[in-house]
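Chain order of the listed sequences is A and B.
Under the working numbering, think of the first position of the first sequence as 426, with each following residue one higher.
Under the working numbering, think of the first position of the second sequence as 2, with each following residue one higher.
Below you'll find the structure, written out as structure tokens, and then a few comments.
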Amino acid sequence: MAQTTVRILRGERTGKRDYQEFNIDIEEGWVVLDVVHAIQAQQAHDLAVRWNCKAGKCGSCSAEVNGKPRLMCMTRVNQLPAGKPITIEPLKRFPLIKDLVTDVRFNYRVNKTIKPFRPVPRSPDGTYRMMQIDVDRSQEFHTCIECFLCQDVCHVMRDHGREDFAGPRFFVRIASLAMHPLDTENRLQDLKDVHGLGYCNITKCCTEVCPESIHITDNAIIPLKERVAGAYYDPLAWLWRKALGKQAHSK
Amino acid sequence: MASYETHEHDVIVIGAGGAGLRAAIEASAAGVSVGLICKSLLGKAHTVMAEGGMAAALGNSNPDDSWQVHFRDTMRGGKMVNDWRMAELLAKEAPQRVLELEEWGALFDRTKEGLISQRPFGGHRYPRLAHVGDRTGLEMIKTLQNHGIHQGIEVYMECTILDLMKDGDRVAGAFGYWRESGNFVMFRSKAVVIATGGIGKAYRITSNSWEGTGDGIGLAYRAGAELLDMEFVQFHPTGMVWPPSVRGLLVTEGVRGDGGVLRNSEGKRFMFDHVPPVYRAETAETEEEAMTWIRDPQHKAGRRPPELLTRDVVARCIRAEVREGRGSPHGGVFLDVSSMLDAETIKRKLPGMYHQFMTLAELDITKQPMEVGPTCHYHMGGIRTEADSTRTSVPGLFAAGECAAGLHGANRLGGNSLTDLLVFGRRAGKYAAEYAKDRAQFPAAHEEQAKAIARAADAPFDDGGTENPYQILQDLQQSMETLVGIVRTRSDLEQSIEQIQKLKARAGKVRVEGNRQYNPGWHYALDLRNLLIVSEAVARAALQRKESRGGHTREDYPDASAELEKVNSVLRPVNGSMACQHVARKPMPEELKKILDAADGVVYRK
Numbered sequence: 426m427a428q429t430t431v432r433i434l435r436g437e438r439t440g441k442r443d444y445q446e447f448n449i450d451i452e453e454g455w456v457v458l459d460v461v462h463a464i465q466a467q468q469a470h471d472l473a474v475r476w477n478c479k480a481g482k483c484g485s486c487s488a489e490v491n492g493k494p495r496l497m498c499m500t501r502v503n504q505l506p507a508g509k510p511i512t513i514e515p516l517k518r519f520p521l522i523k524d525l526v527t528d529v530r531f532n533y534r535v536n537k538t539i540k541p542f543r544p545v546p547r548s549p550d551g552t553y554r555m556m557q558i559d560v561d562r563s564q565e566f567h568t569c570i571e572c573f574l575c576q577d578v579c580h581v582m583r584d585h586g587r588e589d590f591a592g593p594r595f596f597v598r599i600a601s602l603a604m605h606p607l608d609t610e611n612r613l614q615d616l617k618d619v620h621g622l623g624y625c626n627i628t629k630c631c632t633e634v635c636p637e638s639i640h641i642t643d644n645a646i647i648p649l650k651e652r653v654a655g656a657y658y659d660p661l662a663w664l665w666r667k668a669l670g671k672q673a674h675s676k
Numbered sequence: 002m003a004s005y006e007t008h009e010h011d012v013i014v015i016g017a018g019g020a021g022l023r024a025a026i027e028a029s030a031a032g033v034s035v036g037l038i039c040k041s042l043l044g045k046a047h048t049v050m051a052e053g054g055m056a057a058a059l060g061n062s063n064p065d066d067s068w069q070v071h072f073r074d075t076m077r078g079g080k081m082v083n084d085w086r087m088a089e090l091l092a093k094e095a096p097q098r099v100l101e102l103e104e105w106g107a108l109f110d111r112t113k114e115g116l117i118s119q120r121p122f123g124g125h126r127y128p129r130l131a132h133v134g135d136r137t138g139l140e141m142i143k144t145l146q147n148h149g150i151h152q153g154i155e156v157y158m159e160c161t162i163l164d165l166m167k168d169g170d171r172v173a174g175a176f177g178y179w180r181e182s183g184n185f186v187m188f189r190s191k192a193v194v195i196a197t198g199g200i201g202k203a204y205r206i207t208s209n210s211w212e213g214t215g216d217g218i219g220l221a222y223r224a225g226a227e228l229l230d231m232e233f234v235q236f237h238p239t240g241m242v243w244p245p246s247v248r249g250l251l252v253t254e255g256v257r258g259d260g261g262v263l264r265n266s267e268g269k270r271f272m273f274d275h276v277p278p279v280y281r282a283e284t285a286e287t288e289e290e291a292m293t294w295i296r297d298p299q300h301k302a303g304r305r306p307p308e309l310l311t312r313d314v315v316a317r318c319i320r321a322e323v324r325e326g327r328g329s330p331h332g333g334v335f336l337d338v339s340s341m342l343d344a345e346t347i348k349r350k351l352p353g354m355y356h357q358f359m360t361l362a363e364l365d366i367t368k369q370p371m372e373v374g375p376t377c378h379y380h381m382g383g384i385r386t387e388a389d390s391t392r393t394s395v396p397g398l399f400a401a402g403e404c405a406a407g408l409h410g411a412n413r414l415g416g417n418s419l420t421d422l423l424v425f426g427r428r429a430g431k432y433a434a435e436y437a438k439d440r441a442q443f444p445a446a447h448e449e450q451a452k453a454i455a456r457a458a459d460a461p462f463d464d465g466g467t468e469n470p471y472q473i474l475q476d477l478q479q480s481m482e483t484l485v486g487i488v489r490t491r492s493d494l495e496q497s498i499e500q501i502q503k504l505k506a507r508a509g510k511v512r513v514e515g516n517r518q519y520n521p522g523w524h525y526a527l528d529l530r531n532l533l534i535v536s537e538a539v540a541r542a543a544l545q546r547k548e549s550r551g552g553h554t555r556e557d558y559p560d561a562s563a564e565l566e567k568v569n570s571v572l573r574p575v576n577g578s579m580a581c582q583h584v585a586r587k588p589m590p591e592e593l594k595k596i597l598d599a600a601d602g603v604v605y606r607k
């Protein structure tokens, strides 16, 4: 295949960041990560990139390809405009470590603040019985590979850099717990007060970039918003609970 | 040299895939302080790529299943050279480990009765694999991760261990560097668990990620631990072959478990012609019979299709078809599920495969057959450990998961790996914690040793080096692929050992540009040390084993040897070079022998 120009935004934690141009022969079937690997092996041994499985399963090689948040290992070069340079930049939302590698530890800190799974006891025969139809909903959220593309694209984080907003990835995680047939924990107050669910104004950018095609907004965020609204902002429900002396509950 | 920071934990676990995470959780539950160290971000380890499922005799899909049958299948799949005690522990403890994972939040696919659904897989007598579509590894690692982060474990991400610290004979911790900054870091500990996974990156065509560089095996060997059965390398029969950039990427055995068939360029289901005697009694003889079995939800009618023979057999047959000119256009064979299942079912049962082929090969598996061929997938060999406690020959050093050896013998059954991680990961954590609790004092961490490790790691930046680490890696992979691949001969193996010596010399003169901060060139240069050790060990053990068995096929010794069935290969450093010796296995207790014999009266001979 023809030679293609590749522009990679390079830099370190501090100091200037610049585009470096490489000319590289593209072979049949290549994905963008193949291009980066070829540049590493032939032209820039110290070009930093994070990757693991190269199969779209681990979510490590997230970057912005021609301005769009993508997994580099699942973006075929022949799907990009032919004859045009390919621009590869690190995720914008997260602090730069080096070249295409960013510091995503924020996500690990947020995950720790989510109350863990708390199951009902087992049946007397030692099993849990759940019907497939009941696990389907939560299973959709379990397909998340934590590539953090949704976190990158979400404008609440990207433009406003809010640290008190868990972000779409973790609303998906909380939804996976909330819709888990065995879970008993209540996370509604945390959603409202700790995880900042209210900041999301459902622009669906997260859903658009999800490589696993999880319906982040429709199936995770909106139902969580409804539950929070039902628990805290429904005047009739509030009165009812007040009368019975109950707390807002997730299930 | 640059200074380094120091951390102290009773137990450190190196590697945070399934085995490492499970070990860390268990050790932490035992009340000791635990540090978990991983080369990548947490949750990205190679476990995430496991697809088909985890084998456990739950008996949900077929109530006739039991630990005894699982034990028998594992031994037979391993061609009888397995550590029988490990196989027994695996079969007995697997169901508890699966149910425990469910209790921690894993959501397996369900049966109609609402129990964990089980999928048929190669070499397993009954449908036995608990699974979540074709992404079981992701479910497992995320469940362990999300459970583990609340157990008080200290996690050190993107940190690579260079060498173990020793105090006399005893392990005293580990020394490594942060990938981000390149700064050095010392971990002092009373016990160390190695759970670093496989060696796939020694080969050119592999399903393994970059992390599979045999680090733990290299670390353990340099610290004086014995290695076992290094010659047994599993080539998974079905890796992608096209396009070239994804060659080797795994196509789950679940495709065949769910009905997918293998055909050559003449359209023939060639596996029917290659059923080894030991599996004849339980393998279908006609396509109709195989279809009956696939269509029966309980898989009781008819017998299993020959596509579900063990991986070593299927891989060799595919290789033979291609060599004899009956391959597919890109040098594989055809794996077809489109003519067996409707599009909807394929997308539901194999969503990952559908997506993978659609994106990477622009091929719709609901309409067209896939092209597949063997890919280096798993290493049965590794660090020699004691079955119950997972302890190695070095005091304080434990190992679990793919980097440890023995359980799978000469060939691993699909689905036994994920279970292995949980069963022996848990045991490693438990016994490492006990070991640490029995010792009040930390062993001494010797400054001199730390300095020597750091100096060696810095060497690639010195002037005078000329070699490109990427080139050495490629040359090693090519050499292993050609000379120590699926089929081996004496002359090839001797040649490979010579080439490895030359590559070692070149690796000593490696030159890296730039600085230590997140520098992949430097990382590769350091990983080479471990890859060269495991490559040499595989070649030496393969040269020594003059027979064909499971994941070790010798063209010059095509048959299995009754004598060699009694022994395992043990490798250890002797006077600065690697020595390989055959060691007899402990005799199997009568009650286990009975299980093997009672099954169908056929004792394994290839």
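Where a beta carbon is used, it is the ideal one built from N, C-alpha and C, also for glycine.
Distance between threonine 552(A) and alanine 56(B), taken at the CA atoms: about 17 Å. About 4 Å separates the Cβ atoms of phenylalanine 566(A) and serine 601(A), confirming a contact at the 8 Å cut-off.
Alanine 31(B) and leucine 361(B) have their alpha carbons spaced roughly 45 Å apart.
Closest in C-alpha terms to tyrosine 436(B), from the list Asp11(B), Ser480(B), Ile487(B), comes Asp11(B). Close to glycine 481(A), with beta-carbon spacing below 9 Å, are these residues of chain B in chain order: Gly353, His356, Gln357, Thr360, Leu361.
Contact between the segment 565-572 of chain B and the segment 531-544 of chain B is present, with at least three C-beta pairs closer than 8 Å. About 5 Å separates the CB atoms of isoleucine 218(B) and valine 535(B); that is less than 8 Å, so the two are in contact. Contact between the segment 412-421 of chain B and the segment 277-287 of chain B is absent: fewer than three C-beta pairs spanning the two stretches fall below 8 Å. Per DSSP, the beta-bridge partners of methionine 241(B) are Val373(B). With a beta-carbon spacing of about 25 Å, glutamate 286(B) and glycine 53(B) fall beyond the 8 Å limit used to define contacts. Residue pairing from DSSP places aspartate 337(B) in a beta bridge opposite Val262(B). Along the segment 146-160 of chain B, the positions whose C-beta sits under 9 Å from a C-beta of chain A are Gln146, Asn147, His148, Ile150, His151, Val156, Met158, Glu159, read in chain order. Shown here, leucine 342(B) sits in coil according to DSSP, grouped into three states, outside any helix or strand. Nearest to glycine 655(A) by alpha-carbon distance, out of Lys617(A), Ala668(A), Thr642(A), His640(A), is Lys617(A). Under a criterion of Cβ atoms nearer than 8 Å, the residues of chain B adjacent to phenylalanine 542(A) are, in order, Trp105, Gly106, Asn147, His148. Per DSSP, the unbroken alpha helix (DSSP H) holding tyrosine 525(B) starts and ends at 521-545. Ranked by how close their Cα comes to the Cα of leucine 309(B), the residues Met158(B), His148(B), Arg270(B) have Arg270(B) in first place. Contact note: tyrosine 519(B) reaches chain A through Ala473, Ile522, Lys523, Val526, using a C-beta cutoff of 7 Å and chain order. Assignment of valine 256(B) by DSSP, reduced to helix, strand and coil, places it in the helix class. When secondary structure is reduced to three states using DSSP, glutamine 445(A) falls in the strand class.
Pairing leucine 37(B) with alanine 221(B) gives a Cβ-Cβ distance that is not under 9 Å. For the segment 45-70 of chain B, residues whose beta-carbon sits nearer than 7 Å to a beta-carbon of chain A comprise Lys45, Val49, Met50. The way I'd put it, the segment 70-87 of chain B doesn't touch the segment 108-116 of chain B; fewer than three beta-carbon pairs between them come closer than 8 Å. Secondary structure at histidine 47(B): helix, using DSSP grouped into helix, strand and coil.
Take valine 502(A), set aside five residues on each side of it, and the residues of its chain with a beta-carbon closer than 6 Å to its own are Ile451, Trp455, in chain order. Per DSSP, leucine 145(B) is one residue of the alpha helix (DSSP H) stretching across 137-149.
For proline 546(A), no alpha helix (DSSP H) run applies, since DSSP gives it neither H nor E.
Linking methionine 579(B) to glutamate 537(B) through their CA atoms gives a straight-line distance of about 8 Å.
For a cut-off of 8 Å, the C-beta gap from phenylalanine 188(B) to alanine 196(B) is around 15 Å, too long to register as a contact. Looking from the CA of methionine 371(B), the closest CA among Met381(B), Ile473(B), Val252(B), Gln146(B) belongs to Val252(B).
If you draw a straight line from the Cα of threonine 346(B) to the Cα of leucine 496(A), it comes to about 27 Å. Apart from the 5 residues on each side of it in sequence, serine 62(B) sits with its Cβ closer than 6 Å to the Cβ of Gln119, Pro128 in its chain, given in chain order. For valine 133(B), the residues of chain A that pass the 8 Å Cβ criterion are Gln564, His567, in the order they occur in the chain. Within the same chain, Ile38, Gly177, Trp179 come within 6 Å of cysteine 160(B) by CB-CB distance, once the 5 residues on both sides are set aside. Straight-line spacing of the CA atoms in glycine 303(B) and alanine 282(B) works out to 11 Å. Nearest CB-CB separation between histidine 640(A) and chain B: not below the 9 Å threshold.
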